[in-house]
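A.B. asks:
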Amino acid sequence: MAPVKLYGPTLSWNVTRCVAALEEAGVEYELVPINFGTGEHKSPEHVARNPFGQVPALQDGDLYVWESRAICKYACRKNKPELLKEGNLEESAMVDVWLEVEAHQYTSALSPILFECLIHPMLGGATDQKVIDENLVKLKKVLEVYEARLTKCKYLAGDFLSLADLNHVSATLCLAATPYASLFDAYPHVKAWWSDMLAKPSVQKVAALMKPSS
Amino acid sequence: MGGGVKVYGVAASPFVATVLLCLEEAGVEDYELVGVDMAAREQRTQPYLSRNPFGKIPTFVDGELTLFESRAISRYVLRKYGRTSASSPTTAAGEEDLLREPSTLEESAVADVWTEVEAHRYTPAISHIVRECAIKRLIPGGGERDQAVVDENVAKLGEVLDVYEQRLSRSPYLAGDSVGLADLAHFGFTYCLVECTEYGALVESRPGVRAWWGRISARPAAKKVAAMMNLVLNPLKMPSA
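Right, dumping it as structure tokens:
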């Protein structure tokens with residue numbers, strides 16, 4: 001079976017979100033860079049893969065999948081469906097809940113912080129501290145909920161690893177490069193959960209991929 | 001069927017509407033919509049927070065199970081209670097299409113893609129328009145409409161709908177040949193846009209999108225949920241053209 005192709009730069013935590021899922025699900029994949037500088041993301045070839053002209057996009061034979069979290073689910077369904085628990089009504093519901101929470105509560109607060117710290121300066125703009133401060137307040141409230149949850153369960157959806165945990169990896173890894181690297185220190189169970197995630201070979205692979213080349 | 005199913009929230013919330021729509025589609029008859037006093041911020045206090053620590057609506061209870069996040073709730077409802085052609089043996093072939101879960105890897109991928117598009121591209125843009133043009137007027141002290149926010153999001157939604165038009169010119173539904181949750185999750189906000197703001201043309205001016213919206217809003221379950229939403233939204237309804 002040919003490896004699937006994942007299009008997009010490893011700088012993007014939306015792209016590396018997919019890498020975490022592909023790695024953990026054991027799907028063979030090939031990373032194909034997309035050159036934003038030359039407008040490759042808006043080329044007809046790429047728009048055929050992702051009609052919004054964005055990254056990531058995944059190609060598996062004739063099938064194109066886009067939107068990072070759809071790609072992540074695809075990786076699990078293809079090779080490791082137990083990461084979604086779809087055979088079990090209640091467990092799959094918990095996975096779905098925490099998949100939504102990652103997207104709409106956690107990453108929605110974290111990504112503006114990452115953007116201001118890491119991307120905005122790279123684009124020649126000034127870091128907007130107000131945006132960071134507003135989102136830190138939100139993120140800390142979310143982490144309080146996570147702390148309570150992870151006091152009761154080893155992982156977010158229950159006592160089993162699921163895609164809900166994995167979808168947090170890429171953006172959380174980026175925190176290390178910001179002044180907020182020790183944000184989890186105030187939340188011991190979150191910190192323990194994160195240490196557990198960091199020890200996984202799949203997560204280590206993502207971390208290695210995201211290191212700026214020397 | 002469905003005894004002990006409770007939805008906490010208000011029908012006028014498009015996120016609550018998604019869950020209600022799925023319950024209606026699944027034929028769950030005896031669910032209870034438990035009102036939440038949004039004006040008093042009931043959702044941010046106990047005991048609500050003990051069910052949904054993020055303090056948002058909807059929250060869903062089915063016996064011992066408590067869920068939150070509308071799309072997660074909706075998936076559960078459809079999985080647990082959803083009718084399939086197997087469970088409705090009297091349904092003749094070719095009758096009104098039933099909502100069913102994707103059965104192949106590819107169908108699942110397509111369904112997931114368009115659910116993500118709804119969540120991350122459609123809803124963020126449309127929700128700003130609906131909030132500024134309709135919701136703010138309903139809330140005491142809601143404030144004035146911010147036209148700059150409206151204009152920015154009308155432009156964004158237009159670009160998103162251009163992509164939808166390409167899809168819906170070739171396929172009756174976003175999910176494919178049959179309606180899916182990916183389509184239904186659009187109902188609440190689109191209803192508010194078309195009925196309660198002057199920006200319905202975003203949908204009406206794109207033939208594929210208009211036809212798709214016509215199909216979804218004609219579904220009996222959608223009409224039932226629209227009636228529930230109307231109880232709150234009625235004063236805002238746009239006169240029909």
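Chains as they are written, first to last, in full-length UniProt numbering: chain R, 1 to 214; chain E, 1 to 241.
From the three backbone atoms N, C-alpha and C, an ideal C-beta is built for every residue, glycine too.
What you are looking at is a predicted structure, and each value in this text was computed from that prediction instead of being measured.
Quick check on K152 (chain R) - is its C-beta less than 9 angstroms from some C-beta in chain E?
C.D. replies: Judged by the 9 angstroms Cβ criterion, K152 (chain R) is not in contact with chain E.
A.B. asks: Leaving out the 5 sequence neighbours to the left and right, which residues in its chain are closer than 6 angstroms to T115 (chain E) when beta-carbon positions are compared?
C.D. replies: Cβ neighbours of T115 (chain E) beyond the five flanking positions: A182.
A.B. asks: Name the chain E residues whose beta carbon is nearer than 9 angstroms to that of E45 (chain R)?
C.D. replies: Here the premise fails: no neighbours, minimum Cβ distance about 16 angstroms.
A.B. asks: Report the residue ranges of all alpha helix (DSSP H) runs contained in full by the UniProt domain "GST C-terminal" (88-214) of chain R; include only those spanning at least 4 residues, in chain order.
C.D. replies: Runs found: 89-101, 107-114, 129-152, 163-166, 169-175, 188-198 and 201-210.
A.B. asks: Span of the beta strand (DSSP E) holding E144 (chain E)?
C.D. replies: Element bounds for E144 (chain E): n/a, residue is neither H nor E.
A.B. asks: In whole angstroms, what is the alpha-carbon distance linking A126 (chain R) and E30 (chain R)?
C.D. replies: Rounded to whole angstroms, A126 (chain R) to E30 (chain R) spans 35 angstroms at the Cα level.
A.B. asks: Measure the alpha-carbon distance for S169 (chain E) versus G82 (chain E) and round it to whole angstroms.
C.D. replies: Answer to the nearest angstrom: the Cα atoms are 28 angstroms apart.
A.B. asks: Given a threshold of 16 other Cβ atoms within 10 Å of its Cβ, counted over all protein chains shown, does E195 (chain E) qualify as buried or as exposed?
C.D. replies: The residue in question, E195 (chain E), is buried, as its Cβ has 16 or more Cβ neighbours within 10 Å.
A.B. asks: I'd like to know if A70 (chain R) contacts chain E, where contact means its C-beta is closer than 9 angstroms to some C-beta of that chain.
C.D. replies: So yes, A70 (chain R) belongs to the interface.
A.B. asks: Looking at chain R, is there any beta carbon in it that lies within less than 9 angstroms of the beta carbon of residue 243 (chain E)?
C.D. replies: Outside the shown range of chain E, which is 1 to 241, sits residue 243 (chain E), and nothing can be said about it.
A.B. asks: Measuring straight from C-alpha to C-alpha, what distance separates Y48 (chain E) and A17 (chain E)?
C.D. replies: Approximately 19 angstroms between the Cα atoms of the pair.
A.B. asks: Is the shortest distance between the beta-carbon of E90 (chain R) and the beta-carbons of chain E less than 9 angstroms?
C.D. replies: For E90 (chain R), the answer is yes, since a Cβ of chain E falls inside 9 angstroms of its Cβ.
A.B. asks: Buried or exposed for P58 (chain E), please, with buried defined as at least 16 other CB atoms from any protein chain shown within 10 angstroms of its CB.
C.D. replies: When all chains shown are included, P58 (chain E) counts as buried.
A.B. asks: Taking only the alpha-carbon atoms, compute the straight-line gap between T104 (chain E) and F160 (chain R) and give it to the nearest angstrom.
C.D. replies: Roughly 25 angstroms between the two C-alpha positions.
A.B. asks: How about Q59 (chain R): is its C-beta nearer than 9 angstroms to some C-beta of chain E?
C.D. replies: Chain E contact via Cβ: absent.
A.B. asks: Would you mind stating whether G9 (chain E) and L33 (chain E) have Cβ atoms separated by less than 9 angstroms?
C.D. replies: In this structure, L33 (chain E) lies closer than 9 angstroms to G9 (chain E) by Cβ.
A.B. asks: Which ranges does the alpha helix (DSSP H) cover as unbroken runs of at least 4 residues, wholly within the region 31-64 of chain E, from first to last along the chain?
C.D. replies: Counting only runs of 4 or more, we get 48-51.
A.B. asks: I need the boundaries of the beta strand (DSSP E) containing L236 (chain E), first residue and last residue.
C.D. replies: First-last for L236 (chain E): undefined, no H or E at that position.
A.B. asks: With DSSP as the reference, label F52 (chain R) as helix, strand or coil.
C.D. replies: Coil at F52 (chain R), not helix or strand.
A.B. asks: Could you list which residues in chain E have their beta carbon closer than 9 angstroms to that of L139 (chain R), in chain order?
C.D. replies: Per Cβ cutoff of 9 angstroms: no residues; L139 (chain R) is ~13 angstroms from chain E at best.
A.B. asks: Which whole-angstrom value is the C-beta distance of D146 (chain E) and E132 (chain E), which I expect to be below 8 angstroms?
C.D. replies: Between E132 (chain E) and D146 (chain E) the Cβ distance is about 6 angstroms, and since that is below 8 angstroms, they are a contact.
A.B. asks: Helix or strand or just coil, what does DSSP make of K156 (chain E)?
C.D. replies: K156 (chain E): helix per DSSP, three-state reduction.
A.B. asks: Mind listing the chain E neighbours of Y7 (chain R)? Cutoff is C-beta to C-beta under 8 angstroms, in chain order.
C.D. replies: Those within 8 angstroms of Y7 (chain R) in chain E number zero; the least Cβ separation is about 15 angstroms.
A.B. asks: Excluding the 5 residues flanking D177 (chain E) on each side, which residues of the same chain have their C-beta closer than 8 angstroms to its C-beta?
C.D. replies: S171.
A.B. asks: Determine the chain E residues that contact D165 (chain R) at a beta-carbon separation under 9 angstroms, and present them in chain order.
C.D. replies: The premise fails here: D165 (chain R) is roughly 15 angstroms from chain E at the closest Cβ pair, so nothing lies under 9 angstroms.
A.B. asks: Is it true that the CB of G55 (chain E) sits closer than 9 angstroms to the CB of R71 (chain E)?
C.D. replies: Contact flag unset, no.
A.B. asks: In whole angstroms, give me the CA-to-CA distance for N50 (chain R) and D162 (chain E).
C.D. replies: So the alpha carbons of these two residues sit roughly 13 angstroms apart.
A.B. asks: Who are the near neighbours of L21 (chain E) in its chain, counting only those whose CB is closer than 7 angstroms to its CB and skipping five residues on each side?
C.D. replies: Taken in chain order, the residues that qualify are L184, F187, A221, A222 and V225.
A.B. asks: Would you decide whether M122 (chain R) is buried or exposed? Buried here means 16 or more other CB atoms lie within 10 Å of its CB.
C.D. replies: With fewer than 16 Cβ atoms within 10 Å of its Cβ, M122 (chain R) is classed as exposed.
A.B. asks: Is any non-hydrogen atom of the ligand GTP found closer than 8 angstroms to the C-beta of V77 (chain E), if you look at the structure I gave you?
C.D. replies: Of the ligands one can find in the structure shown there are none, so the ligand GTP has no counterpart to examine.
A.B. asks: Indicate the three-state DSSP secondary structure (helix, strand or coil) for E30 (chain R) in the structure shown.
C.D. replies: Correct three-state label for E30 (chain R): strand.
A.B. asks: Taking 6 angstroms as the limit between beta carbons, can you name the residues of its chain near K5 (chain R), skipping five residues before and five after?
C.D. replies: Within the same chain, K5 (chain R) has close Cβ partners E30, V32 and Q59.
A.B. asks: With H, G and I counted as helix, E and B as strand and the rest as coil, what does DSSP make of F15 (chain E)?
C.D. replies: In this structure, F15 (chain E) counts as helix in the three-state DSSP scheme.
A.B. asks: I'd like to know whether the C-beta of D112 (chain E) is nearer than 9 angstroms to at least one C-beta of chain R.
C.D. replies: True, the Cβ-Cβ gap to chain R drops below 9 angstroms.
A.B. asks: Quick one: grab the DSSP three-state call for Y191 (chain E).
C.D. replies: Reduced to three states, the DSSP call for Y191 (chain E) is helix.
A.B. asks: To which residues of the same chain is residue 280 (chain E) closer than 6 angstroms at the C-beta, ignoring the five residues directly before and after it?
C.D. replies: Shown here, chain E extends from 1 to 241; a query on residue 280 (chain E) therefore has no answer.
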